[in-house]
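First comes the structure, then the notes that go with it.
Protein chains: 2
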Amino acid sequence: MNKIAHILIIEPSCIIREGLSTIISQKNPAFTFVKKTSVKDVFKKEDTAVFNLIIVNPLVFNCSKKMKNRFFSYFKEVNILGLISSLYDRNFHNGFTGCLFLNDSSTSILIEIEKHLTIKLEKNRVSDNTLSDRELDVLRLLAQGNSQKEIAEELFISIHTVVTHRKNISHKLGVKSTAALVIYAVANNIIDINDSLKSSL
Amino acid sequence: MNKIAHILIIEPSCIIREGLSTIISQKNPAFTFVKKTSVKDVFKKEDTAVFNLIIVNPLVFNCSKKMKNRFFSYFKEVNILGLISSLYDRNFHNGFTGCLFLNDSSTSILIEIEKHLTIKLEKNRVSDNTLSDRELDVLRLLAQGNSQKEIAEELFISIHTVVTHRKNISHKLGVKSTAALVIYAVANNIIDINDSLKSSL
DNA sequence: TGTACAATCCCCTATTTATGGGATTTTAAT
DNA sequence: ATTAAAATCCCATAAATAGGGGATTGTACA
Numbered sequence: 001m002n003k004i005a006h007i008l009i010i011e012p013s014c015i016i017r018e019g020l021s022t023i024i025s026q027k028n029p030a031f032t033f034v035k036k037t038s039v040k041d042v043f044k045k046e047d048t049a050v051f052n053l054i055i056v057n058p059l060v061f062n063c064s065k066k067m068k069n070r071f072f073s074y075f076k077e078v079n080i081l082g083l084i085s086s087l088y089d090r091n092f093h094n095g096f097t098g099c100l101f102l103n104d105s106s107t108s109i110l111i112e113i114e115k116h117l118t119i120k121l122e123k124n125r126v127s128d129n130t131l132s133d134r135e136l137d138v139l140r141l142l143a144q145g146n147s148q149k150e151i152a153e154e155l156f157i158s159i160h161t162v163v164t165h166r167k168n169i170s171h172k173l174g175v176k177s178t179a180a181l182v183i184y185a186v187a188n189n190i191i192d193i194n195d196s197l198k199s200s201l
Numbered sequence: 001m002n003k004i005a006h007i008l009i010i011e012p013s014c015i016i017r018e019g020l021s022t023i024i025s026q027k028n029p030a031f032t033f034v035k036k037t038s039v040k041d042v043f044k045k046e047d048t049a050v051f052n053l054i055i056v057n058p059l060v061f062n063c064s065k066k067m068k069n070r071f072f073s074y075f076k077e078v079n080i081l082g083l084i085s086s087l088y089d090r091n092f093h094n095g096f097t098g099c100l101f102l103n104d105s106s107t108s109i110l111i112e113i114e115k116h117l118t119i120k121l122e123k124n125r126v127s128d129n130t131l132s133d134r135e136l137d138v139l140r141l142l143a144q145g146n147s148q149k150e151i152a153e154e155l156f157i158s159i160h161t162v163v164t165h166r167k168n169i170s171h172k173l174g175v176k177s178t179a180a181l182v183i184y185a186v187a188n189n190i191i192d193i194n195d196s197l198k199s200s201l
């Protein structure tokens, strides 16, 4: 049962956006991110995703209390961490659930995030895109590079069944290509990237 | 024939170190990095590697002209880019070959790096499993879930060429399945798993 | 100047995927 | 007892991939 989380990062600098998400991903490969440059981008999105944590550079509020208040009331259900990259915005970080500082070590960043994450366990019955046990078997073997025929032999079922499972997986995930299925499997820890590398390369 | 380069990054913030190297890696998967927190770490190393570029936050010199001079004369053969993360150090970036600013777009960062890189072209040094530029293009698009036909359209080449590139990739990597190619691309930072998720799911 | 290789294009065939239909049986929950 | 979902199996067709040939052009290097 994996911990998964969906994190919103709002930060003007692409270096910082990528750095932060890379550091978090290295520890939690199943976490997904939405990265934005400004607050406006967040509101104009019809993205109804529910975030488990928001990390935002206070500077994106442009010293506008109004914008900040709107943001905080819009996301009042979610913990919001400030990402403090310089000294001037020290005075801006009231209201945040907590703060990350640009010069923090990766350990303390991860601890702070862990602390404020509204944890979601993956044994969820979210609508109907939950894969069944057998579908997970098929997806795992598929993502490990097996053909449908090989999967059938491995699971002692006919290739028709494998095809059917795969069709259902594709429908549930809304995905058509093998590549996307592999990406999904990697992102959701259904396969381990290092193990797979060993066997397939 | 891939461009390869060995880059030294000296920057106190792990977020910025990881972000910068991630952004560069996404474009140039063959680049390697040595990441340091302070200048002292650089001198005390037994690392005799020759760098093709150094990216350093001027703040690591601690306002010490002496340390900065020592550093610059030690690496006088190498281009040194300043990594400017705040306003105070504007006055410190004389002497640098060029500058990156924390809020630069990834495009301008990559252009600036490209410009100052002492380019090293190496054919086949890693046995013969080095992918060519074009092969990397194909692999990236493939791992992002595009069909061979779509890749052909995207790259303005015929599908035959894509098939040929793919055949060569498979031979070089000793891999047959799409899944294994995706795994390889993920493990080697050729694609970013979060970006890919967004587009394919 | 000859060799090597990257990049492009083409043909061929066998196999595999993708996707649309169906169907039955078992298990679990209401 | 009815319903729902999981798991299994089958048919059929269009599209894509895997892998085998082969070829040309241009660039870089020795």
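Chains as they are written, first to last, in the numbering used here: chain A, 1 to 201; chain B, 1 to 201. Note that beta-carbon positions come from the ideal geometry of N, C-alpha and C, so glycine has one too. This structure is a prediction, so every number in the text was calculated from the model and none was measured.
1. Pick helix, strand or coil for Gly19 (chain B), following the three-state DSSP scheme.
2. Using DSSP with H/G/I as helix, E/B as strand and the rest coil, what is Asp128 (chain B)?
3. Which residues does DSSP pair with Thr32 (chain B) in a beta bridge?
4. Classify Cys63 (chain B): buried if its beta carbon has 16 or more other beta carbons within 10 angstroms, exposed otherwise.
5. Tell me which residue opens and which closes the alpha helix (DSSP H) that Leu142 (chain B) is part of.
6. Could you compute how far the alpha carbon of Ile55 (chain A) sits from the alpha carbon of Glu114 (chain B)?
7. So if DSSP puts Ile24 (chain A) in a beta bridge, which residue, or which two residues, is it bridged to?
8. Leaving aside the five residues before and after Lys27 (chain B) along the sequence, list all residues of the same chain whose C-beta is less than 7 Å from its C-beta, in chain order.
9. Spatial neighbours of His165 (chain A) within its chain, please: CB distance less than 7 Å, with the 5 preceding and 5 following residues excluded, ordered by chain position.
10. Please tell me whether Glu154 (chain B) has its Cβ less than 8 Å away from any Cβ of chain A.
11. Three or more C-beta pairs under 8 Å: does that hold for the stretch 15-24 of chain A against the stretch 8-25 of chain B?
12. Closer than 8 Å by C-beta to Leu102 (chain B): which residues in its own chain qualify, once you throw out the five before and the five after it? Chain order, please.
13. Given Ser38 (chain B), which residues of its chain have a CB within under 6 Å of its CB, disregarding the five upstream and five downstream residues?
14. Which of the residues in the stretch 3-21 of chain A, read from start to end, lie with their CB under 9 Å from any CB of chain B?
15. Determine, using beta-carbon pairs with one atom in the stretch 154-163 of chain B and one in the stretch 182-190 of chain B, whether at least three such pairs fall under 8 Å.
16. Helix, strand or coil: how does DSSP classify Val56 (chain A) here?
17. In three-state terms, what does DSSP make of Phe75 (chain B)?
18. Closer than 8 Å by C-beta to Pro12 (chain A): which residues in its own chain qualify, once you throw out the five before and the five after it? Chain order, please.
19. So Phe43 (chain A) is in the alpha helix (DSSP H); what residue range does that whole segment cover?
20. Could you tell me which residues DSSP puts in a beta bridge with Phe101 (chain A)?
21. In its own chain, which residues sit with a C-beta less than 7 Å from the C-beta of Ser170 (chain A), not counting the 5 before and 5 after it?
22. At the level of alpha carbons, what is the spacing between Phe33 (chain B) and Leu81 (chain B)?
23. Is the CB of Ile55 (chain B) under 8 Å away from at least one CB in chain A?
24. Which of the residues in the stretch 135-149 of chain A, read from start to end, lie with their CB under 8 Å from any CB of chain B?
25. Give the straight-line distance between the Cα atoms of Asp104 (chain B) and Lys35 (chain A), rounded to the nearest whole angstrom.
26. Which residues mark the beginning and the end of the alpha helix (DSSP H) in which Asn168 (chain A) is found?
27. If the criterion is Cβ atoms closer than 8 Å, does the pair Phe31 (chain B) and Ile7 (chain B) meet it?
28. Which residues of chain B have a Cβ atom closer than 8 Å to the Cβ of Asn103 (chain A), listed in chain order?
29. Residues of chain A with CB closer than 7 Å to the CB of Ser106 (chain B), please, in chain order.
30. Which first and last residues belong to the alpha helix (DSSP H) in which Glu203 (chain A) is found?
31. Put Glu11 (chain B) into one of helix, strand or coil per three-state DSSP.
32. Under 8 Å by Cβ, that's how I've got Gly145 (chain B) and Ala179 (chain A) pegged, so tell me the actual separation to the nearest angstrom.
33. Within 8 Å of any Cβ in chain B, is that where the Cβ of Ser38 (chain A) sits?
34. What residues in the stretch 159-178 of chain A have a beta carbon less than 7 Å from any beta carbon of chain B?
35. Could you tell me if Val50 (chain A) is buried or exposed, where buried requires 16 or more neighbouring beta carbons within 10 angstroms of its beta carbon?
36. Suppose contacts are defined by Cβ-Cβ distances below 8 Å. Is Leu181 (chain B) in contact with His116 (chain B) by that definition?
Reading off the structure:
1. Along the second sequence, read from residue 1 onward, the residue named residue 19 (chain B) stands at position 19. Gly19 (chain B) falls in the helix class under three-state DSSP.
2. What you label residue 128 (chain B) is simply residue 128 of the second sequence in a count that begins at 1. Because the pLDDT at Asp128 (chain B) is just 48, under 50, the model does not fix this residue reliably, and the value given afterwards should be weighed accordingly. Coil at Asp128 (chain B), not helix or strand.
3. For the purposes of this step, residue 32 (chain B) is identified with residue 32 of the second sequence, where counting begins at 1. According to DSSP, which records beta bridges pairwise, Thr32 (chain B) is partnered with B:His6.
4. Position 63 of the second sequence, counted from the start, is the residue given in the question as residue 63 (chain B). When all chains shown are included, Cys63 (chain B) counts as exposed.
5. Along the second sequence, one-based indexing puts residue 142 (chain B) at 142. Counting along the chain, the alpha helix (DSSP H) containing Leu142 (chain B) begins and ends at Asp133 to Ala143.
6. As a first step, residue 55 (chain A) must be located in the first sequence, where it is residue number 55. As a first step, residue 114 (chain B) must be located in the second sequence, where it is residue number 114. Rounded to the nearest angstrom, the two C-alpha atoms are 31 Å apart.
7. As a working mapping, residue 24 (chain A) is identified with position 24 in the first sequence. Partner(s): none; Ile24 (chain A) has no beta bridge.
8. Here residue 27 (chain B) corresponds to residue number 27 of the second sequence, with the count starting at 1. Excluding residues within five positions, the ones whose Cβ falls inside 7 Å are Leu110.
9. In the first sequence, counting from the first residue as 1, residue 165 (chain A) sits at position 165. The answer, listed in chain order, is Arg134, Glu135 and Val138.
10. The residue given as residue 154 (chain B) occupies position 154 in the second sequence. Glu154 (chain B) does not count as touching chain A.
11. Yes, the stretch 15-24 of chain A touches the stretch 8-25 of chain B.
12. On the second sequence, residue 102 (chain B) is found 102 positions in, with the first residue counted as 1. For Leu102 (chain B), where only same-chain residues beyond five positions count, the Cβ hits under 8 Å are Ile16, Leu83, Ile84, Ser85 and Ser86.
13. Counting from 1 along the second sequence, the entry for residue 38 (chain B) is found at position 38. Result list for Ser38 (chain B): Val60, in chain order.
14. Listed by position along the chain: Pro12, Ser13, Cys14, Ile15, Ile16, Arg17, Glu18, Gly19, Leu20 and Ser21.
15. The stretch 154-163 of chain B vs the stretch 182-190 of chain B: no contact.
16. As a first step, residue 56 (chain A) must be located in the first sequence, where it is residue number 56. Secondary structure of Val56 (chain A) (DSSP, three-state): strand.
17. To locate residue 75 (chain B), count along the second sequence from 1; it is residue 75. Coil.
18. The count along the first sequence starts at 1 and reaches residue 12 (chain A) at position 12. Its chain contains Thr37, Ser38, Asn57, Leu59 and Val60 as the residues whose beta carbon lies nearer than 8 Å to that of Pro12 (chain A), once the 5 sequence neighbours on both sides are disregarded; these appear in chain order.
19. The sequence position of residue 43 (chain A) within the first sequence is 43, counting from 1. Run containing Phe43 (chain A): Val39 to Phe43, per the alpha helix (DSSP H) assignment.
20. As a working note, residue 101 (chain A) is residue 101 in the first sequence. According to DSSP, Phe101 (chain A) bridges with A:Ile84.
21. Position 170 of the first sequence, counted from the start, is the residue given in the question as residue 170 (chain A). If we look at Ser170 (chain A) and ignore the five residues flanking it on each side, its Cβ neighbours are Lys176.
22. For the purposes of this step, residue 33 (chain B) is taken as the residue at position 33 of the second sequence. For the purposes of this step, residue 81 (chain B) is taken as the residue at position 81 of the second sequence. A direct Cα-Cα distance of roughly 15 Å separates Phe33 (chain B) from Leu81 (chain B).
23. Position 55 of the second sequence, counted from the first residue, corresponds to residue 55 (chain B). For Ile55 (chain B), the closest Cβ of chain A is not nearer than 8 Å.
24. Cβ contacts with chain B come from Leu142, Ala143, Gln144, Gly145, Asn146 and Ser147.
25. One-based indexing of the second sequence puts residue 104 (chain B) at position 104. One-based indexing of the first sequence puts residue 35 (chain A) at position 35. If I take the Cα positions, the gap works out to 16 Å.
26. In the first sequence, counting from the first residue as 1, residue 168 (chain A) sits at position 168. Following the DSSP letters along the chain, one finds Asn168 (chain A) inside the alpha helix (DSSP H) bounded by residues Ile159 to Leu173.
27. Locating residue 31 (chain B) in the second sequence gives position 31, where the first residue counts as 1. Locating residue 7 (chain B) in the second sequence gives position 7, where the first residue counts as 1. Cβ atoms of Phe31 (chain B) and Ile7 (chain B): closer than 8 Å.
28. Residue mapping note: residue 103 (chain A) aligns to position 103 of the first sequence, counting from 1. Per Cβ cutoff of 8 Å: Pro12 and Ser13.
29. Locating residue 106 (chain B) in the second sequence gives position 106, counting from the first residue. Near Ser106 (chain B) (Cβ distances below 7 Å), the residues of chain A are Cys14.
30. A question about residue 203 (chain A) goes unanswered here, because the residues of chain A that appear run from 1 up to 201.
31. Here the question's residue 11 (chain B) lines up with position 11 in the second sequence. Of the three classes helix, strand and coil, the one that applies to Glu11 (chain B) here is coil, per DSSP.
32. In the second sequence, the residue the question calls residue 145 (chain B) occupies position 145. In the first sequence, the residue the question calls residue 179 (chain A) occupies position 179. Confirmed, Cβ separation roughly 4 Å.
33. Here residue 38 (chain A) refers to the residue found at position 38 when the first sequence is read from its first residue. Ser38 (chain A) does not count as touching chain B.
34. Listed by position along the chain: Leu173, Gly174, Val175, Ser177 and Thr178.
35. Stepping through the first sequence from its first residue, residue 50 (chain A) is reached at position 50. So Val50 (chain A) ends up on the exposed side.
36. Along the second sequence, one-based indexing puts residue 181 (chain B) at 181. Along the second sequence, one-based indexing puts residue 116 (chain B) at 116. Against a cut-off of 8 Å, the Cβ pair of His116 (chain B) and Leu181 (chain B) comes out as no contact.
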